[in-house]
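Worksheet for the structure shown next.
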Ligand SMILES: [Zn+2]
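Below you can see the structure in the form of structure tokens.
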């Protein structure tokens with residue numbers, strides 16, 4: 006069996022998805038879960054992008070010891086220095102640096118000749134190799150690059166000290182057979198190729214990212230980059246859970262395996278989806294809600310007689326369990342904490358009291374508390390509460406079929422002052438949001454609003470996601486409550502608080 010390393014870029018390429026912005030504790034929570042999933046490498050961010058990015062990459066490198074942590078850097082000394090600052094305390098400091106190699110990028114973006122591109126790449130790799138234990142180099146837009154030039158520049162960066170060579174299909178353009186042939190070509194035309202590991206990085210613009218990555222594995226790629234749930238720029242990246250399960254279920258064919266702990270897949274998928282607000286489509290392979298649902302009578306009959314008639318993946322393989330019960334209002338702190346632990350959530354001593362009281366409050370109003378409820382509460386109260394400029398004190402909304410909806414809101418501001426406003430709108434949510442906007446000195450455009458129930462039942466908790474433009478920046482937020490209006494107000498404030506926090510903490514280090 007050939008070993009294939011998994012390089013997870015959920016926190017870098019995935020975080021580049023439109024409208025996704027995670028705070029530090031959310032990134033850390035995802036990193037911890039990726040460690041449990043047992044990925045080989047976590048790309049934690051782009052440290053040169055802002056002091057906030059640098060700080061979160063540093064925190065992840067300090068915390069995660071079970072796998073290697075890396076960060077992205079352009080072929081620029083200051084980027085590599087910022088990455089070193091962020092990664093030097095990691096278990097195995099590893100840099101991921103890149104330069105574009107395709108004619109389109111050389112001519113229009115870099116405005117550099119082939120020779121200049123080679124020179125820039127070689128000197129940046131040489132500089133990086135003087136600091137980092139492992140240097141990975143990527144040829145951005147490799148799949149639209151002339152193959153002889155690609156082979157030439159790869160030979161040069163290997164000689165300069167790169168140990169991993171990544172061949173990204175940056176724009177999601179290539180097909181599986183062609184991609185396999187690129188790897189074959191490089192094995193035949195790069196003299197030093199056997200000194201390095203080759204890596205794939207595919208985008209899903211034509212829906213081929215997983216198929217392309219698998220083709221590369223068949224042609225000698227030893228590392229696959231991707232993200233959980235396939236999130237990322239535009240149509241996203243290779244969905245790592247799909248790739249890992251495909252290798253596992255068809256090991257007879259691929260003869261390759263990852264070291265992933267497949268049972269952690271469903272939990273990882275849920276966490277990433279909840280924190281990023283990027284919903285998983287019901288029909289998505291491996292992690293979609295319907296991925297294991299048999300609907301037609303003929304299929305149900307077959308599965309009842311023998312599961313494997315229509316089921317090639319068992320839900321248990323990827324960590325789905327059928328025990329959703331359950332805690333209630335009589336459950337104690339100990340049971341609460343134990344159940345969280347079983348769900349893979351570790352809570353600090355100083356946090357447990359606050360979380361437990363929120364749990365009790367919710368359990369008083371809701372008969373049963375499922376695992377899904379517990380996870381939602383902890384993610385909400387534990388991770389999004391860290392930076393608050395505005396805090397919700399109270400809301401009152403009036404609605405009647407023949408009345409104008411009216412809202413009254415009381416907030417506390419950053420200096421603990423009380424802010425109170427009233428307003429109207431065409432509907433309840435609009436009245437509420439118009440009033441919240443009045444409370445602030447910012448212009449806010451709502452770009453998206455989504456509401457979901459957490460689990461089933463009439464007394465289910467409401468989870469609201471919003472995307473908005475606030476202070477000229479796009480941001481997103483989420484809110485959880487028993488009542489839909491309260492959840493909506495919380496989501497709105499969560500999004501605003503994130504922007505105000507970013508504004509205070511982040512002046513870009515690199516402006517280029
Ligand atoms: Zn990418």
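Numbering (the working numbering), first residue to last: 6 to 517.
Backbone N, C-alpha and C define an ideal beta-carbon position, used for all residues, glycine too.
Discussion item. Between the stretch 78-92 and the stretch 61-68, can you find at least three pairs of beta-carbon atoms closer than 8 Å?
Written reply: In short, these stretches touch, since the Cβ pair count reaches three.
Practice prompt. Take every Cβ of the stretch 330-350, pair it with every Cβ of the stretch 282-292, and state whether three or more of those distances are shorter than 8 Å.
Written response: The stretch 330-350 vs the stretch 282-292: no contact.
Fill in: Which residues DSSP lists as bridging residue 173, in chain order
As a beta-bridge residue in DSSP terms, residue 173 pairs with 206.
Discussion item. Given a cut-off of 8 Å on the beta-carbon distance, is the pair residue 126 and residue 104 in contact?
Written reply: Taking 8 Å as the Cβ cut-off, residue 126 and residue 104 qualify as a contacting pair.
Fill in: Whether residue 208 touches residue 175 by CB criterion (8 Å)
A contact, by the Cβ cut-off of 8 Å.
Discussion item. Taking 7 Å as the cut-off, is the C-beta of residue 13 nearer than that to any heavy atom in ligand 1?
Written reply: Residue 13: no, Cβ never under 7 Å from ligand 1.
Fill in: Cβ-Cβ separation, residue 226 to residue 205 (assumed contact under 8 Å), whole Å
Confirmed, about 5 Å.
Fill in: the stretch 268-279 in contact with the stretch 230-237 per 3-pair CB rule at 8 Å
They touch, by the three-pair rule.
Discussion item. Alpha carbons only, please: which of 285, 147, 85 is nearest the one belonging to residue 129?
Written reply: Just measuring C-alpha positions, the residue of 285, 147, 85 sitting nearest residue 129 is 85.
Discussion item. Judging by CA-CA distance, which residue of 218, 77, 266 is the nearest neighbour of residue 87?
Written reply: With distances taken between CA atoms, residue 87 lies nearest to 77 out of 218, 77, 266.
Worksheet entry | residue 409 - DSSP class collapsed to helix/strand/coil | In this structure, residue 409 counts as coil in the three-state DSSP scheme.
Fill in: Per-residue DSSP class, three states only, for residue 188
Residue state, collapsed to three classes: helix.
Worksheet item: By Cβ distance, which residues of its chain are closer than 6 Å to residue 12, with the 5 residues on each side in sequence left out?
Response: Excluding residues within five positions, the ones whose Cβ falls inside 6 Å are 46, 228, 230.
Practice prompt. Would you mind sorting residue 31 into buried or exposed? The rule is 16 or more other CB atoms within 10 Å of its CB.
Written response: Here residue 31 is buried. Its C-beta has 16 or more other C-beta atoms within 10 Å.
Practice prompt. Consider the C-beta atom of residue 146 and the heavy atoms of ligand 1; say whether any pair is separated by less than 7 Å.
Written response: Flag unset: Cβ of residue 146 not near ligand 1.
Discussion item. Please report the straight-line C-alpha distance between residue 100 and residue 488, rounded to a whole angstrom.
Written reply: Each residue's alpha carbon lies about 46 Å from the other.
Worksheet entry | Pairwise C-alpha distance: residue 395 and residue 6 | CA-to-CA, the gap between residue 6 and residue 395 works out to about 55 Å.
Worksheet entry | Alpha-carbon spacing of residue 133 relative to residue 252, whole angstroms | Taking the straight line joining both Cα atoms gives about 33 Å.
Worksheet entry | residue 84 CB to nearest heavy atom of ligand 1 below 7 Å | Result no, Cβ not under 7 Å from ligand 1.
Practice prompt. Reducing DSSP to helix, strand and coil, say where residue 265 ends up.
Written response: When DSSP states are grouped into helix, strand and coil, residue 265 belongs to the coil group.
Item to complete: Counting only runs of 4+ residues fully inside the stretch 333-361, write out the alpha helix (DSSP H) ranges in chain order.
Response: Here the runs fully enclosed are 338-347.
Item to complete: Give the C-beta separation of residue 363 and residue 350 to the nearest angstrom, bearing in mind that I take them to be a contact with Cβ-Cβ under 8 Å.
Response: Approximately 14 Å separates the beta-carbon atoms of residue 363 and residue 350; this is outside 8 Å, ruling out the contact.
Practice prompt. Indicate, with yes or no, if ligand 3 has a heavy atom lying under 7 Å from the CB of residue 464.
Written response: Within the structure as shown, ligand 3 is missing, the only ligands being ligand 1.
Worksheet item: Going straight from the alpha carbon of residue 496 to that of residue 44, what length do you get?
Response: If you take the alpha carbons of residue 496 and residue 44, they lie about 32 Å apart.
Worksheet item: To which residues of the same chain is residue 404 closer than 6 Å at the C-beta, ignoring the five residues directly before and after it?
Response: Around residue 404: 410, 433.
Worksheet entry | 8 Å contact criterion, which residue 308 and residue 321 should meet: CB distance rounded | With a beta-carbon spacing of about 14 Å, residue 308 and residue 321 fall beyond the 8 Å limit used to define contacts.
Fill in: Any non-hydrogen atom of ligand 1 within 7 Å of residue 242 CB
At a threshold of 7 Å, residue 242 counts as near ligand 1, since its beta carbon sits closer than that to one of the ligand's heavy atoms.
Fill in: For residue 20, the first and last residue of its enclosing alpha helix (DSSP H)
No alpha helix (DSSP H) contains residue 20, which DSSP labels as neither H nor E.
Worksheet entry | Distance between residue 34 and residue 123 (C-alpha atoms, nearest Å) | A direct Cα-Cα distance of roughly 39 Å separates residue 123 from residue 34.
Worksheet item: From 29, 22, 9, 14, pick the residue whose C-alpha is nearest to that of residue 507; which is it?
Response: Selected option, being the one with the closest Cα: 29.
Discussion item. Quick check: what's the CA-CA separation for residue 19 versus residue 407?
Written reply: Approximately 46 Å, taken between the alpha carbons.
Discussion item. Can you check which of these residues, 153, 165, 178, is closest to residue 189 by C-alpha distance?
Written reply: By alpha-carbon distance to residue 189, the top candidate from 153, 165, 178 is 153.
Practice prompt. Would you check if there are 3 or more beta carbon pairs closer than 8 Å linking the stretch 47-57 to the stretch 273-282?
Written response: No, the stretch 47-57 does not touch the stretch 273-282.
Item to complete: Check the DSSP bridge columns for residue 483 and list the partner residues they point to.
Response: Under DSSP, residue 483 shares a beta bridge with 470.
Fill in: Exposure label - residue 224; buried when at least 16 CB within 10 Å
With 16 or more other Cβ atoms within 10 Å, it is buried.
Worksheet item: DSSP on residue 29, reduced to helix/strand/coil?
Response: The DSSP-derived three-state label of residue 29 is helix.
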